[in-house]
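Residue numbers (my numbering): 1 to 74.
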């Protein structure tokens, strides 16, 4: 699915900044995992977790499912 939206000039955000902010918010709301958020942004999970501090968002505890995925991927 592709989402198209005009970003008002007064927000002073380019398309990539808006996408990042939206994905960070989805993570903060618990709608997506840190791994999924990182994948959507094309960065590593560690880079995403570092990025959260720029948005003043706390790292959410991993779910059991995420921990098992990490173990299997190790």
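Don't be surprised by glycine CBs; every beta carbon is placed ideally from N, CA and C.
ask   = Can you list, in chain order, the residues of its chain whose CB lies under 6 Å from that of residue 71, leaving out five sequence neighbours each side?
value = none
ask   = I think residue 29 touches residue 21, with their Cβ atoms under 8 Å apart; what is that distance to the nearest whole Å?
value = The pair is not a contact, with the Cβ atoms about 13 Å apart (cut-off 8 Å).
request  = Compute the Euclidean distance between the alpha carbons of residue 6 and residue 55, then round it to the nearest angstrom.
outcome  = 22 Å
request  = Report the rounded CA-to-CA distance for residue 23 versus residue 41, giving the unit in angstroms.
outcome  = So the alpha carbons of these two residues sit roughly 8 Å apart.
request  = Let me know if residue 44 comes out buried or exposed under the rule of 16 or more other beta-carbons within 10 Å of its beta-carbon.
outcome  = It counts as exposed.
ask   = Would you report the Cα separation of residue 68 and residue 58, rounded to the nearest angstrom?
value = Approximately 22 Å between the Cα atoms of the pair.
Complete runs of the alpha helix (DSSP H) confined to the stretch 35-59 [at least 4 residues] = 45-54
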